[in-house]
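Q: First the structure, then my questions, so here it is.
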Amino acid sequence: MATYQKITYCQKILKLLDTYKAGGLISVFIKIKKYVAENVYLRKYLWYEMNTGLPIRREYSKLPLSIEMNSRDEVMKWISTEIYNGRCYKEEDIEAGVAIINNHYFPCVKMDRKIVGFMKVGCNDVYIKNFNKIFSVSKRSAFIYSVYVDPKYRNLNVASVLISDTVNNLKALGFSKISMYIRSTNVSSIRVFTKLGAKKIGKVLQLKCFGLNIFTNPQIS
């Protein structure tokens, strides 16, 4: 492990030297600032829950949208295209493994037979990248751990249609409770989920400092 870390740090130093040669000290400072911002932070996440025993509001859009409940291969292929453009995290091996073993759902929303957004919905065990941890979800409960809509189709009620249709489909499949976590600064997602009936049940504080990742116990049930 120590040898691996030394090699990693050497590689980072070499990259900084290349940056210095290409753009000088200002470029090095900008790169270091970005690296620190990505690895040292305190964040708050809000935990929400939906009871499918209550009526789930249906959402509509003026766009000709269609929803497919489980399109994992197609969704993952779309993520790897230029359309996705790295705007959300790329699926890691551990996340993929947990999703496949536990038969997670990958609903997507399409327009003209092309994907414009997707969700990741877990059951049994769920790996959450932000916390680098596998959490267990109780029986007949589902956990939404990713929602993404192509930027070109935002503010058109696409996310609301995708989420409301997915939640109603999960209800039909026998799930009685659906949970999700949302970063406290993500106002648009909070607005969508609360509009559909989600209730805040708790919060999680996360402190990350390079290799150290500390968070309060999330409320997943």
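Residue -5 is where the sequence shown starts when you use the working numbering, and the numbers rise one by one after that. Just so you know, even glycine gets a beta-carbon here, dropped at the ideal spot from N, CA and C. Because the structure is a prediction, the values reported are computed rather than measured.
(1) Would G205 be called buried (16 or more neighbouring beta carbons within 10 Å of its own) or exposed?
(2) Label N66 either buried or exposed according to how many other C-beta atoms from any shown protein chain fall within 10 Å of its C-beta, with 16 as the threshold for buried.
(3) Can you give me the C-alpha to C-alpha distance between N180 and V120, rounded to a whole angstrom?
(4) Taking the alpha-carbon positions, what's the H98 to N64 distance?
(5) I need the DSSP call for A93, collapsed to helix, strand or coil.
(6) Quick check on I109: does DSSP put it in helix, strand or coil?
(7) One question on the structure: do E62 and M174 come within less than 9 Å of each other, judged by their Cβ atoms?
(8) Would you report the Cα separation of K165 and P145, rounded to the nearest angstrom?
(9) So for I50, helix, strand or coil by DSSP?
(10) Note down the Cα distance separating S154 from Y54, rounded to an integer number of angstroms.
(11) Starting from the Cα of V115, find the closest Cα among L48, R52, K171 and K71 and give me that residue.
(12) For S58 and G196, what's the separation of their Cα atoms in angstroms?
(13) Which runs of the beta strand (DSSP E), 3 residues or longer, sit entirely within the region 133 to 206?
(14) With distances taken from CA atoms, which of R37, E68 and N45 is nearest S135?
(15) Is the beta carbon of F112 within less than 8 Å of some heavy atom of the ligand HEM?
(16) Can you round the beta-carbon distance between L199 and F187 to whole angstroms, since I take them to be within the 8 Å contact cut?
A: Taking the definition as stated:
(1) For the purposes of this step, residue 205 is taken as residue 211 along the sequence shown, with counting starting at 1. Counting Cβ neighbours within 10 Å, G205 comes out exposed, since fewer than 16 surround it.
(2) Within the sequence shown, the letter at position 72 stands for residue 66. Before going on, a small fix: residue 66 reads as Arg here, not Asn. When all chains shown are included, R66 counts as buried.
(3) For this step, residue 180 is matched to residue 186 along the sequence shown. For this step, residue 120 is matched to residue 126 along the sequence shown. Going from the Cα of N180 to the Cα of V120 covers about 21 Å.
(4) Position 104 of the sequence shown, counting from 1, holds the residue named residue 98. Position 70 of the sequence shown, counting from 1, holds the residue named residue 64. Approximately 8 Å, taken between the alpha carbons.
(5) Reading the sequence shown from its first residue, position 99 is the one you call residue 93. Helix.
(6) Walking along the sequence shown from the start, residue 109 turns up at place 115. Residue state, collapsed to three classes: strand.
(7) In the sequence shown, residue 62 corresponds to position 68, counting from 1. In the sequence shown, residue 174 corresponds to position 180, counting from 1. For E62 and M174, no; Cβs fall outside 9 Å.
(8) Reading the sequence shown from its first residue, position 171 is the one you call residue 165. Reading the sequence shown from its first residue, position 151 is the one you call residue 145. So the alpha carbons of these two residues sit roughly 28 Å apart.
(9) Counting from 1 along the sequence shown, the entry for residue 50 is found at position 56. Coil.
(10) In the sequence shown, counting from the first residue as 1, residue 154 sits at position 160. In the sequence shown, counting from the first residue as 1, residue 54 sits at position 60. Rounded to whole angstroms, S154 to Y54 spans 8 Å at the Cα level.
(11) Position 121 of the sequence shown, counted from the first residue, corresponds to residue 115. Of the listed residues, the one whose Cα sits closest to V115 is K171.
(12) Taking the first residue of the sequence shown as 1, we reach residue 58 at position 64. Taking the first residue of the sequence shown as 1, we reach residue 196 at position 202. Note that residue 58 corresponds to Pro in the displayed sequence, not to Ser. If I take the Cα positions, the gap works out to 36 Å.
(13) 135 to 143, 171 to 177 and 193 to 203
(14) The residue you call residue 135 lines up with position 141 of the sequence shown. Among R37, E68 and N45, the Cα nearest to that of S135 is on N45.
(15) Looking at this structure, you won't find the ligand HEM or any other ligand, since it has none at all.
(16) Position 205 of the sequence shown, counted from the first residue, corresponds to residue 199. Position 193 of the sequence shown, counted from the first residue, corresponds to residue 187. That pair is no contact at about 20 Å.
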